[in-house]
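One structure is given below, encoded as structure tokens.
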Amino acid sequence: MESPMEEGNVENIGLSSQRSKPCVFCLLNVSKYTCPRCKAVYCSVSCYRSEKHLQCSESFYKNCVTEGLVDLAVSQSEREKMIEILKKASEADDDDYEDSDEEGCSLADRLTGLDLDKDTDKIWDVLTKQEKEEFQKLLRDEQLGGLIEFWSPWWSHKETSKVEDLDADMKPDKAFPQLYKDIPHISQILKNSKPSSDLRFTVISTVYSYAYICRLHNGDHLNTPLDCANEVLLLCDVLDTTQNYSSTTEALHACLNKSNEDSSSIQASQKFSISIIKDIINIIEGPCTQKPLHYLLMALSDLLKMFQRAQKEISKDLKKEKSSNETLISQLKTQRKKLFRSEKKILFLLSWAQSYGLALRGCLQELNLEFCELSSELASVTNTKKQFENEWKGKRPPTKKPLIEVLN
Numbered sequence: 001m002e003s004p005m006e007e008g009n010v011e012n013i014g015l016s017s018q019r020s021k022p023c024v025f026c027l028l029n030v031s032k033y034t035c036p037r038c039k040a041v042y043c044s045v046s047c048y049r050s051e052k053h054l055q056c057s058e059s060f061y062k063n064c065v066t067e068g069l070v071d072l073a074v075s076q077s078e079r080e081k082m083i084e085i086l087k088k089a090s091e092a093d094d095d096d097y098e099d100s101d102e103e104g105c106s107l108a109d110r111l112t113g114l115d116l117d118k119d120t121d122k123i124w125d126v127l128t129k130q131e132k133e134e135f136q137k138l139l140r141d142e143q144l145g146g147l148i149e150f151w152s153p154w155w156s157h158k159e160t161s162k163v164e165d166l167d168a169d170m171k172p173d174k175a176f177p178q179l180y181k182d183i184p185h186i187s188q189i190l191k192n193s194k195p196s197s198d199l200r201f202t203v204i205s206t207v208y209s210y211a212y213i214c215r216l217h218n219g220d221h222l223n224t225p226l227d228c229a230n231e232v233l234l235l236c237d238v239l240d241t242t243q244n245y246s247s248t249t250e251a252l253h254a255c256l257n258k259s260n261e262d263s264s265s266i267q268a269s270q271k272f273s274i275s276i277i278k279d280i281i282n283i284i285e286g287p288c289t290q291k292p293l294h295y296l297l298m299a300l301s302d303l304l305k306m307f308q309r310a311q312k313e314i315s316k317d318l319k320k321e322k323s324s325n326e327t328l329i330s331q332l333k334t335q336r337k338k339l340f341r342s343e344k345k346i347l348f349l350l351s352w353a354q355s356y357g358l359a360l361r362g363c364l365q366e367l368n369l370e371f372c373e374l375s376s377e378l379a380s381v382t383n384t385k386k387q388f389e390n391e392w393k394g395k396r397p398p399t400k401k402p403l404i405e406v407l408n
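The sequence shown: position 173 = 173 (UniProt numbering), numbered continuously.
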């Protein structure tokens with residue numbers, strides 16, 4: 001999983017909310033990006049690095065050193081796996097520990113009460129010297145990835161034969177979602193009117209959010225449906241509001257904006273957020289030309305199941321709560337209504353996709369262009385970051401000497 005701070009704080013790549021304004025540094029070109037620190041809009045990397053913006057850009061690099069464990073936006077299963085990694089380091093070569101005071105205290109005891117998402121400095125402090133060395137060795141040898149089995153999305157599978165069974169030769173982690181059986185025809189929902197052509201942009205936003213959360217939770221999204229459904233709603237305005245989009249770009253960048261908010265619990269790196277565009281393309285294209293809607297219907301069906309399970313989870317919580325706790329009960333009921341409205345919206349989109357889903361293929365070219373443009377900008381910014389770090393010989397800028405030095 002990508003670190004949330006990796007490249008992500010350099011600039012808000014490709015966000016379109018300010019594109020109609022001129023670049024505040026050169027005043028010549030239309031702005032394309034927004035600095036996440038000072039909110040200045042600019043048109044290119046050269047303007048971002050200009051003298052007028054130097055104080056802000058240098059401020060960012062001063063904070064780059066905080067990248068590391070604190071960057072990780074991990075799921076519960078990943079947190080448990082990280083504890084296992086640390087336990088293995090703790091158990092290795094027990095007799096060689098130099099700190100005798102720490103020998104009698106297990107790693108589990110030392111980690112008690114710490115937040116594995118936020119207390120990364122404290123976690124590092126409670127590790128023994130041996131544990132730190134073991135962990136750093138795993139990191140240097142690139143063995144940490146081997147301790148976590150990464151999920152391969154089912155939509156990455158493409159059929160090579162016209163008669164290939166979609167479920168044939170697939171590993172359990174690539175199991176395909178079941179299609180929702182009772183998809184109503186769109187005419188049953190919209191009896192006296194036709195759906196808006198802009199609904200395809202609503203579907204793009206919804207599918208982006210679904211793929212994002214699936215990858216963020218390493219394919220375990222149905223095991224924590226309530227958390228994941230709430231995270232989908234953080235990314236996707238269209239499911240629980242009257243928000244509409246009028247273009248592919250607008251729909252994409254709305255999701256990108258949400259995913260890169262500093263305060264967001266689902267914030268990930270720019271590279272991760274941009275890569276989801278490729279997932280949308282794969283889902284829209286389907287497994288083969290003979291089944292163009294198969295993956296789209298599967299994705300929306302899986303999302304529908306997530307929201308249905310989330311509502312059941314809240315219903316169980318309501319049964320457990322005592323009637324005296326009226327505030328909590330009211331909050332749970334409000335949340336359940338929100339999930340119910342979103343579920344109905346997903347079912348409506350599923351109905352639309354069944355009849356009009358092929359219209360999304362007209363968005364594929366723009367999706368590919370957006371992916372290429374954003375990836376190119378990200379590569380440029382990453383290169384700029386490396387140049388700064390090479391000049392500084394590290395992630396921090398060198399300490400400036402005082403202009404006036406007091407002599408004794």
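Glycine included, C-beta positions come from ideal geometry on N, C-alpha and C.
Using the rule of at least 16 other Cβ atoms within 10 Å of the residue's Cβ for burial, across every protein chain shown, is Glu-343 buried or exposed? Classified as buried, Glu-343 has 16 or more neighbouring CB atoms from the shown chains inside 10 Å of its CB.
Would you kindly check if the distance between the Cβ of Gln-311 and the Cβ of Phe-348 is under 8 angstroms? Gln-311 sits away from Phe-348, with the two beta carbons spaced by 8 angstroms or more.
Sequence-distant residues of its chain with Cβ nearer than 6 angstroms to Ile-213 (five each side left out): Closer than 6 angstroms at the Cβ level, and outside the excluded window around Ile-213, lie His-221, Cys-228, Glu-231, Val-232.
To which residues of the same chain is Lys-345 closer than 8 angstroms at the C-beta, ignoring the five residues directly before and after it? So the qualifying residues of the chain are Val-238, Leu-239, Asp-240.
Which same chain residues, not among the five before or five after Gly-394, have their C-beta less than 7 angstroms away from its C-beta? Answer for Gly-394: no residue qualifies.
What does Tyr-33 pair with, by DSSP beta-bridge criteria? Its beta-bridge partners are Tyr-42.
On the DSSP letters alone, give me the boundaries of the alpha helix (DSSP H) that Val-381 sits inside. For Val-381, the enclosing alpha helix (DSSP H) covers residues 364–392.
Cβ-based burial, Asn-260 [other Cβ within 10 Å; buried from 16]: Buried, by the Cβ-count rule.
Asn-282 versus Ser-209 - alpha carbon distance: Distance from the CA of Asn-282 to the CA of Ser-209, rounded to the nearest whole angstrom, comes to 14 angstroms.
Could you check what DSSP says for Pro-225 in three-state terms: helix, strand or coil? Of the three classes helix, strand and coil, the one that applies to Pro-225 here is helix, per DSSP.
Let me check understanding here. Comparing Cα to Cα, which of Ser-301, Ser-46, Ala-268 lies closest to Lys-181? If we check each option's Cα against that of Lys-181, Ser-301 comes out closest.
Quickly, what does DSSP pair Pro-397 with across the bridge? List them, please. For Pro-397, which the question treats as bridged, DSSP gives no partner whatsoever.
Is it buried or exposed for Lys-400, if we count other Cβ within 10 angstroms and need 16 for buried? So Lys-400 counts as exposed.
Residues that Pro-22 bridges to, as DSSP identifies them: Per DSSP, Val-30.
Give me the Cα-Cα distance between Pro-22 and Cys-236, rounded to the nearest whole angstrom. Here the alpha carbons of Cys-236 and Pro-22 stand approximately 28 angstroms from one another.
In angstroms, rounded to a whole number, what distance separates the CA positions of Ser-380 and Thr-34? Taking C-alpha positions only, Ser-380 is separated from Thr-34 by approximately 16 angstroms.
At what residues does the alpha helix (DSSP H) containing Cys-255 begin and finish? Judged by DSSP secondary structure, Cys-255 falls within the alpha helix (DSSP H) whose first and last residues are 248–259.
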